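Everything on this sheet refers to the single structure shown next.
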Amino acid sequence: MTGHVDLRALVAGVLFVVAGVVFGLEQLGVITLSAGIVWPLLVVGLGLAMVAGAVRQAR
Amino acid sequence: MNLRTPIHPPEPAEAVPPPPLPPPAPAPGRSTARVITGVLLVLAGVAALLHQLGAVRLSVAAFGAAALVVVGLAVVVLALQRQEPHGLMVVGVVLTLLLAAGVTFRPLGSISFTEGAGDRTVTPTAADLDDGYGLGVGQLKLDLTGVAFPEGRTALRASVGMGELHVTVPRDVGVRIVAEVAMGEMVLFGEQTSGVGLSRTVTTDGYESATRQLELTASVGMGRIEVRFDDRAR
């Protein structure tokens with residue numbers, strides 16, 4: 004058990020939930036995804052997780 | 003009288019083994035991760051059984067999306083409990099990448115590479131119009147200008163595994179094109195797009211109000227899609 008909340012894990016978890024919901028909606032036919040949308044969003048998510056990790060290290 | 007009692011050397015005390023140390027308690031985060039993994043496995047098994055029994059229709063991607071939500075929630079819970087969910091984060095990253103790859107290469111899933119090879123030109127009429135045309139490898143030319151489309155919506159599929167798909171559509175119907183190319187390029191009414199995992203939907207002007215509508219789903223795994231109007235009608 005660590006001393007404080009792992010911000011990177013928290014952000015990653017939220018991003019996983021959002022990604023799962025988006026992919027699920029795509030499977031239900033509610034939205035349409037393409038590689039041109041998915042991969043840039045994944046890069047954004049990766050960047051957010053890295054920022055969160057950097058903030059955690061700075062604290 | 004010998005009062006002296008013989009001196010016996012003290013018997014060595016029996017070696018008492020030290021009490022065994024209690025087994026180390028598993029890290030809380032790890033045990034929670036195991037519970038989550040177990041729950042996911044149980045859900046996967048139940049979903050696969052229900053799918054096999056025909057009770058539900060589940061795709062692998064749909065289950066992957068649901069699993070990603072569960073993993074994400076578990077990661078959030080563990081993070082808030084100040085535990086380290088690193089193993090689950092790896093699972094989440096892998097699931098996300100697999101789902102993204104599934105979206106990217108989805109056109110390959112709707113294509114049969116066993117539909118023959120070579121160059122094929124199809125010029126159907128209303129009488130012999132099929133609902134789908136496919137080619138495994140090669141060039142498929144689908145000329146729909148000779149089809150007198152009936153009133154209402156006509157759905158049509160055309161796919162090529164590897165190669166080129168050319169579709170010519172008449173100008174007097176409303177056309178909606180749903181095109182997917184896993185790798186290559188598409189030219190829909192003159193608009194060109196190239197790359198990986200292409201997916202575009204194009205609707206001609208007046209499609210919604212047209213009395214005769216053509217909805218064409220065009221897929222190519224690796225190669226090119228070109229859809230254009232019949233130039234002869236100009």
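Chains A and B are the protein sequences, given in the same order.
Per the working numbering, the very first residue in the first sequence carries number 4; after that it's consecutive.
Per the working numbering, the very first residue in the second sequence carries number 3; after that it's consecutive.
Cβ coordinates follow ideal geometry from the N, Cα and C atoms, glycine included.
Quantities reported herein were computed from a predicted structural model and do not represent experimental measurements.
Within-7 Å CB hit, residue i to chain A
i: residue 91(B); result: yes
i: residue 57(B); result: no
i: residue 201(B); result: yes
i: residue 128(B); result: no
Residue i vs residue j beta-carbon contact at 7 Å
i: residue 217(B); j: residue 157(B); result: yes
i: residue 102(B); j: residue 30(A); result: no
i: residue 165(B); j: residue 225(B); result: yes
i: residue 58(A); j: residue 10(A); result: yes
i: residue 55(A); j: residue 87(B); result: no
i: residue 77(B); j: residue 16(A); result: yes
i: residue 184(B); j: residue 220(B); result: no
i: residue 8(A); j: residue 212(B); result: no
i: residue 71(B); j: residue 20(A); result: yes
Beta-bridge pairing of residue i - partner residues as DSSP gives them
i: residue 215(B); result: 155(B), 176(B)
i: residue 224(B); result: 164(B), 185(B)
i: residue 48(B); result: In the DSSP output, where bridge partners are listed per residue, residue 48(B) has none listed.
i: residue 210(B); result: Its beta-bridge partners do not exist; DSSP assigns none.
Proximity test, Cβ basis, 7 Å: residue i and chain B
i: residue 60(A); result: no
i: residue 46(A); result: no
i: residue 20(A); result: yes
i: residue 49(A); result: no
i: residue 12(A); result: yes
Close-in-space but distant-in-sequence residues of the same chain around residue i (CB under 6 Å, 5 per side omitted)
i: residue 120(B); result: 140
i: residue 36(A); result: 29
i: residue 142(B); result: 122, 162, 167
i: residue 3(B); result: The predicted model places residue 3(B) with a pLDDT of 49, which falls under 50 and marks its position as unreliable, so this point remains unresolved.
i: residue 34(A); result: 28
Cβ shell of residue i (< 8 Å), same chain only, five flanking positions each side left out
i: residue 18(A); result: 48, 51, 52
i: residue 171(B); result: 146, 147, 177, 216, 218, 229, 230, 231, 232
i: residue 53(B); result: 59, 60
i: residue 150(B); result: 127, 128
is_contact[residue i, chain C] using C-beta, thresh 7 Å
i: residue 39(B); result: No chain C is part of this structure, whose protein chains are labelled A and B.
Own chain partners of residue i with C-beta closer than 7 Å, once the 5 adjacent residues on each side are dropped
i: residue 96(B); result: none
i: residue 190(B); result: 179, 181, 202, 204, 229
i: residue 118(B); result: 137, 138
>> Threshold first: 3 residues or longer. Then list the beta strand (DSSP E) segments lying entirely within the segment 99 to 149 of chain B, N to C.
In response: Those beta strand (DSSP E) runs which fall completely within the segment 99 to 149 of chain B and span 3+ residues are 119 to 124, 134 to 145.
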